[in-house]
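Residue numbers (the UniProt record's numbering): 1 to 249. Built from N, CA and C at the ideal position, the CB exists for glycine as well.
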């Protein structure tokens, strides 16, 4: 597996409340994107804690994962991070109300275990196919969309599209969305914060993924185009390719 990642404050904000991490183990890899919220200090604290705790737990694990083990491990990870963030916020006045989105992909050569909270997304892409979102946005607007109250076009420009229905750290318990996804050679996984997905359509992301460029060039193009489209939010992206025998262009 090959990886590339980038996080950028965008063109408007003076600080970056996004945190990203990519960690390699024995024939597996963990990638995490977290988009913090709760003010200048608290948002950065929440996202960094989430990523740092993920790294710590991953480095403590020995050996490989079966599908069942990967799903259980991710569930324990998300629950543990949520409780640690909640307890930290409750005991530190400067962090009251802090929280973060969370998107994690635990990748082996045969499968990916994914879990997400909030509106940071995970996509899978296979050559000659459209990019496919494999996580669900936990947002007010997505609830309206699922119940047929608004259309896709209305959702894209809805004034309340950034209202989250679920985030890490704001409550002592958390509902989990964890799944196992199969992936083949030459497939790619994209993790991103909403600073990217709110600016580039799935169709445009598919076009970039299809280009004959390396992963670093693709991440740079995504961030550059999100900034060109306004860059009002922090932008984070991680790309992972399942190139078991080398990178295919």
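- Comparing alpha carbon positions, the residue from 44, 182 and 225 closest to residue 109 is 182.
- Cβ-Cβ separation between residue 202 and residue 131: approximately 5 Å, consistent with a contact (criterion under 8 Å).
- Boundaries of the alpha helix (DSSP H) around residue 218: 215 to 228.
- Per DSSP, the beta bridge partners of residue 133 are 123.
- In this structure the region 227 to 238 lies against the region 18 to 36, because at least three pairs of beta carbons, one per stretch, are closer than 8 Å.
- Annotated three-state conformation of residue 99 is strand, per DSSP.
- A direct Cα-Cα distance of roughly 8 Å separates residue 99 from residue 47.
- Non-local C-beta neighbours of residue 55 in its own chain, meaning closer than 7 Å and more than five positions away in sequence, comprise 21 and 23, ordered along the chain.
- Within the region 32 to 113, complete beta strand (DSSP E) segments of at least 3 residues are found at 102 to 107, given in chain order.
- A buried status is given to residue 37, since no fewer than 16 other beta-carbon atoms sit within 10 Å of its beta-carbon.
- In the three-state reduction of the DSSP assignment, residue 182 falls in the strand class.
- Within its own chain, the residues whose Cβ lies closer than 6 Å to the Cβ of residue 58, once the five positions on either side in sequence are excluded, are 23 and 30, listed in chain order.
- Around residue 223, the same chain offers 6, 8, 235 and 237 as residues with beta carbons nearer than 7 Å, after the five sequence neighbours per side are excluded.
- Contact check between the region 156 to 167 and the region 209 to 223: fewer than three CB pairs, one atom from each, fall below 8 Å, which does not count as touching.
- In the structure shown, the three-state DSSP call for residue 146 is helix.
- Between residue 188 and residue 122, the CB-CB gap reaches or exceeds 9 Å.
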